[in-house]
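Accompanying notes for the structure given below.
And the structure:
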């Protein structure tokens, strides 16, 4: 069932619809701008997440772009016109979107096709899993416009593909294929373009088998693992499990396991 488009300044920048048995599709909807990221678009993504999380029947999110491309990066026109204040607003909104992706109780599958550049790559790096069409091309590309990363690629990309590969991608602005991105761990799987939607649904099904609270706590462990020294991260893992042991979700899960033996 499709819901009305979420709007900012009178223009629908993001669409959300609940389809496919509890999967919420959040779609960047600026195809004429290759889904370039503006402050308004990011605010709409946050609002779309609010709507998805408020719907109890939703168990996963698939994040995609409309038109020929996933996302070409930031709306440079907005940044040029607005100066430093516009840059700060956009990056603050971008950071909040990434925080929502990483800590949402809903698993987030990025579904990439066409051009994935700069901020588009940075958005994918925050998803819980990524599937790409075989026509997707992926690059950081900031330096090609004499820009620097501001949405996290200098932090998250090395953690995914290693420092040397990340430095090469960022300093050269080079583009890699979907297959190369899969080999390096940026994407989970590559699909023929015509089968991309169905494959994304399958991936969302795979990573949404648990209760929302279980998923949120599991995701929080990965965030903490990057932020904390190893000893503290290991202690956090234990304390999180201890807190989770009192939940109905874990008690029900254990009871089902014992009952199946």
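In full-length UniProt numbering, the protein residues as written are 1 to 261. Cβ atoms here follow ideal geometry from the backbone N, Cα and C, with glycine treated the same way.
**Asked** Could you give the residue range of the alpha helix (DSSP H) that holds residue 155?
**Response** 153-161
**Message:** According to DSSP, simplified to helix, strand and coil, what is residue 241?
**Reply:** helix
**Prompt:** Do the stretch 220-234 and the stretch 184-198 make contact, defined as three or more Cβ pairs closer than 8 angstroms?
**Reply:** no
**Prompt:** How about residue 188 and residue 203: are their beta carbons less than 9 angstroms apart?
**Reply:** yes
**Request:** Spell out the partners DSSP gives residue 145 in its beta bridges.
**Result:** In the DSSP output, where bridge partners are listed per residue, residue 145 has none listed.
**Message:** Using the Cβ count rule (16 or more neighbours within 10 Å means buried), how would you classify residue 4?
**Reply:** Residue placement at residue 4 is flagged as unreliable, the pLDDT there being 39, under the threshold of 50; a coordinate-derived value is accordingly withheld.
**Asked** Anyone know if the C-beta pair for residue 70 and residue 112 falls short of 9 angstroms?
**Response** yes
**Request:** Identify the continuous alpha helix (DSSP H) that holds residue 97 and give its terminal residues.
**Result:** 76-103
**Prompt:** If you compare alpha carbons, which of 161, 36, 65 and 51 is closest to residue 109?
**Reply:** 65
**Which of helix, strand or coil DSSP assigns to residue 58** = coil
**Message:** Can you give me the C-alpha to C-alpha distance between residue 256 and residue 91, rounded to a whole angstrom?
**Reply:** 45 angstroms
**Asked** What does DSSP give as the partner residues of residue 71 in its beta bridges?
**Response** 116
**Item:** C-beta atoms of residue 103 and residue 63 nearer than 9 angstroms
**Value:** no
**Prompt:** Is residue 263 near residue 68, with beta carbons less than 9 angstroms apart?
**Reply:** With the chain covering 1 to 261 only, the question about residue 263 has no answer from this structure.
**Message:** Please state whether the Cβ-Cβ distance between residue 237 and residue 221 is less than 9 angstroms.
**Reply:** yes
**Asked** Just how far apart, CA to CA, sit residue 247 and residue 15?
**Response** 34 angstroms
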